[in-house]
Every structure is written in structure tokens, then in C-alpha cells.
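**Student:** The structure follows.
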Amino acid sequence: MRIARSMKQDDGLESALLARVAACNFDATILDTNDLSTIRGSSLIALRFPERIVQRLERERPDLQVSAIASGASELLFRFASLPGATEAVEAALRRTLRGAGDPASWPWTLFTYVWAVEGPDDGAGRDFVKRLRRLTARCNTLQYRQPTIVLPPFHSDAERRARDGKTDAASVVCSLDGVRPATPGLRQKSKAVSASVRWRRGFGVKAKELFYEAELKDIGYRSALPFAGEFSDLAPTADERRTRDIPDSLTGKMALIYLDGNGFGQRRQAEGRTAAGLRAFSEDVKAKRRDLLHEVLTALDDLPGMIHPGDERTRQCVRFETLLWGGDEVMWALPACCAWAVMGVVQAHLNDRNRWGELTHAAGLLIAPYKAPITHLTALVKDLGDTAKTVNRGGNGVQIGIVSGFDMPGVTVDALRRPLFDPDGAEDEVPHGTLQCDGARWGDGQGAMAAVKHPRTGLPRSALYRVYHESLEKGLFASGRREDARRYLDMGLAQIELVHEGTIDPQAIATLRDGLPGAQGVAEHPLVPLHQILSLWDIAR
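Start counting the sequence shown at -17; every next residue gets the next number (the working numbering).
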């Protein structure tokens, strides 16, 4: 087996030195604005830093024989020859590349914060690759605690903000997009004063819209016929679409975030990475699986109504999709709320294919929310949903869905959204919120069940379901002590619906209302929870 290889077989690593570089505080430099192009540019820059470091060392010191062992969006582990002065040379190159503010070759890498650890010839690491890696990781972790969340350049004085014509730049001294960094005199974005950091990241994101997808899928030969979304507003349906495609009002101004987080990837990485070759193989295998998933999702978008922005006076035709996070064991996508149900179906079908992923699984969060809400808060919410999915369904492909109809910040947390659902012993007027835990392996069954419930001829009438729901709420039937009363009232409502529709209701729709969606978890405690979940998912289950 790969993990059993001896160090003597491990590419001669016993005679080489190791270095590890880690990026810190991604949210402070990637998700610090609500501008999609700036986020895209930041992500692309972060993805490129491992390659840039290796290229620079290869160019400046070919004698060091630098080669990457494992790399991602937040980490690089590489080896180099143990020559006299090698440690100092690598340290200097890293410092110039990642912190050399005056070095043009260091831009834009200096916009982020990094820590690194480099082995010296007298470190006494021996031949145990695992111990060497743990030592480097511990050193990086220690340095990370000493790093500020963001390194701010000095604010500009009035003299520095004075242009050549003698006039002082009267714009705000704070960047209008991130609200933290000082605005650079003379720099504007859409007539707003911005910092050099935002201007550079946004410019890179605009120019390199398709670069990420082409680079990741170059071996497959994928190339989108249309550009990808340029603004979060592009993800929401237009007024014409709302009329012609019957998009409900509840999805007006909404987008969706899909978040994936690997289960136990760190442990698997440690087990596989007992040698440099094993670690490299595991890292490349996960990257290949992710690229395969990305290609399948992008290919499916062409067949989903609503995924292509038709174009209007403000926006040209584009694909309503963007990758916000990509690297390590995390993925985050932004897309239209009306397409999220179908796209998650594609994702779960891929992740639950054992021939593709084997024993590797992911926790997933699906958040429906207004596109104008602060992206930092939305990403925190969808990550929290993913964490809950991981807790509820440990080791499986669990999905936690959260629906935020409005957004008042601060004060909205996933704990506040999910508490009534998983703790139904509250007050009588405490209604389970629109959060839902599903087994991803049964997502397709859930899609079929919702299709049966919503079928225009044989499904359940929405108005009748709402009547049962609101009457149950008025009667206090959501209280945990009135479960049997709630069950009898639900059965009465179902009997009335079947009587009115003369037995045409699909038995699958009735079973879903009584027993819950296939694979749904945390709903057995109260008979009205499936009703609430069906009504919560009605508009997004398209």
C-alpha cells in the first residue's frame, strides 16, 4: 500500500529539506466586499500563490531543485535540496514574494497574509516524514496566532491626497467597497473611492472571469460559451422572467449558496500522507475528483431553465453561477435560488457515487437568502449549516437547508433558525423554522416526493395545506404536548382534501405529508414538521 512505503523509497526525501506555506484569514481578503468580481479576483489570486512560489524559486535558484509535494488554495508543502545556504535562500524568496511591498513581482500576493516554516539543515527531523510535517505545521500554526487579521497600509494624508492640479481628493478616506482599507487617492470604481487592494483584485476578477474554469478543466477541454455572472444581482430573476417563467415572489431578489465541506479529510490526509508520495497522491486525487464534480455541475447548467441570464439594458447574457471558494476540502458556489434544488441534486448524485468518491463524503449547506445581504454573514450562515449537517449525519453526505426570507443584521444566526426545529419542546406558538436536514444519498428521492406533492393534477393543493398549517398554529398544535391532537387534525385535513379531489391525490404525496421527505432527519418528533417543511420548500423545489 502507498502509506506503507519506506522513506528510502520516498523519492530521496531523506536528503532534502521541507518548507510549508499557509495562507491566513481568507475571509478578510476574499469575502470582505459584496462585489462579486472582487471576490472572484481574490479567489483566483489565492489559488495561484503556490504555483507562483515554486516558479520563482525554480527561476532564481534552479540548483535547489524545488518541487511541490502538496498544494491548494491555502497551503503549499514543497521540498528543496539541502545545499549550503538553502534555508536562508528559501526564507528570503518567500519574504520577497509574500511580503515584499516594494517588489513588483510580489504584487498581488502581498495583499494576503501568509505564514511559513522552513527546515534548516540542523533541525534533526530525521527520516520520519510525518514528524517533519507535524513540526512545520505546528510552527505555522504558532505564527498564525501572531498575524493580524488584515495588514492595513497607512492612511493617506491631505498632502498625499492632493492631485497634481493642487486639488485635494475629497472622497472618503476609507474604501467604499470594503469599508476598512484606506482609499487610494485618484482610484475610483463606479465613481466610488476604493483602495488599491480592492481595485487590483476587482480588475483581476473582471479580466479573468473564465480563467478559473479553463485552468481547472483544461484536461477536459471545457470552455463556457458565455461569461459567468459579474454581479450578485445577476443571480436574481429579472422582471420579465418573473412574468414569463412563473417565478414566485418569494424568490424575487434571492440567490442561493451551496457549501461543501469534506468529512474527515484531515484524518484521511494524515493516514495517506505518511510519505511525501502518499500525501502528493492523496492531494492530486482529491483535486481530480473536485474537477470532475465541477465539470458535471457546469455541464448540467445548460439544461436548467433560469441558469442563463437573458441579458437586458444593464447586464449582458451570462451564466448565473460563480465559485466563491475552491480549495482544500471546501467548495462554495453562488447561483439562482430557483435553480438551487436541481443543482444540489446534481451535486449529491455525484458525491454519492461510490465509484467516484469511494469512502470520502461531504457535509453540505444550502442557503436561500437575499442577494443584497452582506456576503460575509451569508457565508458564515451557510458554513454553519454545513457544520450542522456534519454533526447530524457524521460520516455521510448530509445536507442542511436554510431559508432566510428577510435579513436583519445583526442578530440572525443559524442557531436561532434551527432551534425550534430540533427543539420542539418550546412555547405553543413556537413554529419550526424552514431548516431541514436531509440525507444526500436520498436527495433524488426527495426531489421525486416534492414533485409528487406539487403535481398540478394529482398533487396536494397548496392553499389547503396552508389552511391546515395556519389553523394548526392558531390552535397551538405545534406544542410538543399536543402531538396526538396535531396528528388527528392533520388526518382530518387530509381526509377533506381527498374527499374534495375524489381520490385523485397521488399516494406518494400523502405519504410524504404524513412521514416526511425521504431521507429527512430530525422530523419524527412532531407530525406537523413535514407539513412545515413541504411549505418551506415549495417554491425552491423546482
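C-beta: ideal position from N, C-alpha, C; glycine also. Small disclaimer: the values here were computed from a predicted structure and weren't measured.
Along the beta strand (DSSP E) that carries P318, what are the first and last residues, could you check?
**Tutor:** Walking along the sequence shown from the start, residue 318 turns up at place 336. That run of the beta strand (DSSP E) goes 312 to 318.
**Student:** Could you have a look at V162 and say whether DSSP puts it in helix, strand or coil?
**Tutor:** In the sequence shown, counting from the first residue as 1, residue 162 sits at position 180. If DSSP states are grouped into helix, strand and coil, V162 belongs with coil.
**Student:** Looking only at C-alpha atoms, which of D488, Q478, T373, G463 sits nearest to Q503?
**Tutor:** Locating residue 503 in the sequence shown gives position 521, counting from the first residue. Answer by Cα proximity: T373.
**Student:** Could you give the first and the last residue of the continuous alpha helix (DSSP H) run that contains S265?
**Tutor:** Walking along the sequence shown from the start, residue 265 turns up at place 283. Where S265 is concerned, the enclosing alpha helix (DSSP H) stretches over 258 to 283.
**Student:** In the DSSP assignment, what are the bridge partners of K191?
**Tutor:** Mapped onto the sequence shown, residue 191 falls at position 209. DSSP, once it has assigned bridges, lists no residue as partnering K191.
**Student:** Does S215 come within less than 9 angstroms of chain D when only Cβ atoms are used?
**Tutor:** Structure shown: chain D not included; a single protein chain is present.
**Student:** Please name the residue, chosen from V329, D335, L233, that lies closest to H277 on a Cα-to-Cα basis.
**Tutor:** Here residue 277 corresponds to residue number 295 of the sequence shown, with the count starting at 1. H277 has its Cα closest to that of V329, out of V329, D335, L233.
**Student:** Would you list the one or two residues that DSSP bridges to R2?
**Tutor:** Indexing the sequence shown from 1 puts residue 2 at position 20. L59, A99, per the DSSP bridge assignment.
**Student:** Rounded to the nearest angstrom, what separates H508 and V450 at their Cα positions?
**Tutor:** Counting from 1 along the sequence shown, the entry for residue 508 is found at position 526. Counting from 1 along the sequence shown, the entry for residue 450 is found at position 468. Going from the Cα of H508 to the Cα of V450 covers about 15 angstroms.
**Student:** Does the Cβ-Cβ distance between R251 and L242 come in under 9 angstroms?
**Tutor:** Here the question's residue 251 lines up with position 269 in the sequence shown. Here the question's residue 242 lines up with position 260 in the sequence shown. Result no, Cβ atoms of R251 and L242 do not sit closer than 9 angstroms.
**Student:** Among A362, C321, A371, which residue has its Cα nearest to the Cα of H344?
**Tutor:** Counted from its first residue, the sequence shown places residue 344 at position 362. For the residues A362, C321, A371, the minimum Cα distance to H344 belongs to A371.
**Student:** To the nearest angstrom, report how far apart R224 and E73 are at their CA atoms.
**Tutor:** In the sequence shown, counting from the first residue as 1, residue 224 sits at position 242. In the sequence shown, counting from the first residue as 1, residue 73 sits at position 91. Rounded to whole angstroms, R224 to E73 spans 57 angstroms at the Cα level.
**Student:** Is DSSP giving P32 helix, strand or coil here?
**Tutor:** Start at 1 with the first residue of the sequence shown, and residue 32 comes out as number 50. In this structure, P32 counts as helix in the three-state DSSP scheme.
**Student:** Within 10 angstroms of its Cβ, does D160 collect 16 or more other Cβ (buried), or is it exposed?
**Tutor:** The residue you call residue 160 lines up with position 178 of the sequence shown. D160 should be labelled buried.
**Student:** Cα separation between H483 and A316?
**Tutor:** Position 501 of the sequence shown, counting from 1, holds the residue named residue 483. Position 334 of the sequence shown, counting from 1, holds the residue named residue 316. Cα-Cα distance, rounded: 40 angstroms.
**Student:** So, at 6 angstroms on beta carbons, what are the nonlocal neighbours of W520 in its own chain, with the 5 sequence-adjacent residues on each side left out?
**Tutor:** Residue 520 sits at position 538 when you count from the first residue of the sequence shown. Nothing meets the Cβ criterion.
**Student:** Can you have a look at V245 and say buried or exposed, based on whether 16 or more other CB atoms are within 10 angstroms of its CB?
**Tutor:** In the sequence shown, counting from the first residue as 1, residue 245 sits at position 263. The amino acid occupying residue 245 in the given sequence is Asn; Val does not appear at that position. Under this definition N245 is a buried residue.
**Student:** In the DSSP output, which residue or residues are listed as bridge partners for Y241?
**Tutor:** By one-based count along the sequence shown, residue 241 stands at place 259. According to DSSP, which records beta bridges pairwise, Y241 is partnered with M314, G347.
**Student:** On the criterion of 16 or more Cβ atoms from any shown chain inside 10 Å, does K365 qualify as buried, or is it exposed?
**Tutor:** Locating residue 365 in the sequence shown gives position 383, counting from the first residue. When all chains shown are included, K365 counts as buried.
**Student:** Go through its chain and collect everything with a Cβ distance to G23's Cβ below 8 angstroms, but skip five positions before and after it.
**Tutor:** To locate residue 23, count along the sequence shown from 1; it is residue 41. The answer, listed in chain order, is W182, R183, R184, G185, F186, G187, V188, A190.
**Student:** Using 8 angstroms as the threshold, is the stretch -2 to 10 in touch with the stretch 22 to 36, meaning 3 or more CB pairs across them?
**Tutor:** These segments touch.
**Student:** List in chain order: all unbroken beta strand (DSSP E) runs of 3+ residues lying wholly within the stretch 164 to 239.
**Tutor:** None, since the stretch 164 to 239 contains no complete beta strand (DSSP E) of that length.
**Student:** Out of curiosity, what's the CA-to-CA distance linking D45 and L125?
**Tutor:** Within the sequence shown, the letter at position 63 stands for residue 45. Within the sequence shown, the letter at position 143 stands for residue 125. Cα-Cα distance, rounded: 29 angstroms.
**Student:** Let me know the secondary structure DSSP gives H437 once reduced to three states.
**Tutor:** Taking the first residue of the sequence shown as position 1, residue 437 is located at position 455. H437 falls in the coil class under three-state DSSP.
**Student:** Give the DSSP bridge partners of L418, in chain order.
**Tutor:** The residue you call residue 418 lines up with position 436 of the sequence shown. According to DSSP, which records beta bridges pairwise, L418 is partnered with I383.
**Student:** In three-state DSSP terms, what is Q490?
**Tutor:** As a first step, residue 490 must be located in the sequence shown, where it is residue number 508. Reduced to three states, the DSSP call for Q490 is helix.
**Student:** Please state if the CB of L115 and the CB of L0 are separated by a distance shorter than 9 angstroms.
**Tutor:** Start at 1 with the first residue of the sequence shown, and residue 0 comes out as number 18. Start at 1 with the first residue of the sequence shown, and residue 115 comes out as number 133. The answer is yes: Cβ separation under 9 angstroms.
**Student:** Quick check: E192 and R205, are their CB atoms within less than 9 angstroms of each other?
**Tutor:** On the sequence shown, position 210 is the one that residue 192 refers to. On the sequence shown, position 223 is the one that residue 205 refers to. It is a contact, given that the beta carbons lie within the stated cut-off.
**Student:** Quick one: grab the DSSP three-state call for C157.
**Tutor:** Within the sequence shown, numbered from 1, the residue matching residue 157 stands at position 175. The answer is coil: DSSP assigns C157 none of H, G, I, E or B.
**Student:** For P130, count neighbouring C-beta atoms within 10 Å of its own C-beta (all shown protein chains included) and say buried if the count is 16 or more, exposed if not.
**Tutor:** Numbered from 1 along the sequence shown, position 148 holds the residue referred to as residue 130. It counts as exposed.
**Student:** Inspect the beta-carbon positions of L447 and L513 and report whether they are closer than 9 angstroms.
**Tutor:** As a working mapping, residue 447 is identified with position 465 in the sequence shown. As a working mapping, residue 513 is identified with position 531 in the sequence shown. Against a cut-off of 9 angstroms, the Cβ pair of L513 and L447 comes out as a contact.
**Student:** According to DSSP, G428 sits in a beta bridge with which residue or residues?
**Tutor:** Counting from 1 along the sequence shown, the entry for residue 428 is found at position 446. In DSSP, G428 forms no bridge with anything.
**Student:** Taking 7 angstroms as the limit between beta carbons, can you name the residues of its chain near L283, skipping five residues before and five after?
**Tutor:** In the sequence shown, the residue the question calls residue 283 occupies position 301. Around L283: M289, V301, F303.
**Student:** Is T297 helix, strand or coil by DSSP?
**Tutor:** To locate residue 297, count along the sequence shown from 1; it is residue 315. Looking at T297 - three-state DSSP - the assignment turns out to be coil, as it is neither helix nor strand.
**Student:** I need the straight-line Cα distance from L363 to V156, nearest angstrom please.
**Tutor:** Numbered from its first residue, the sequence shown carries residue 363 at position 381. Numbered from its first residue, the sequence shown carries residue 156 at position 174. About 27 angstroms.
**Student:** Can you give the beta carbon distance from L459 to D467, rounded, assuming they're within the 8 angstroms contact cut?
**Tutor:** As a working mapping, residue 459 is identified with position 477 in the sequence shown. As a working mapping, residue 467 is identified with position 485 in the sequence shown. Indeed, because the Cβ distance is near 6 angstroms, the residues count as touching under 8 angstroms.
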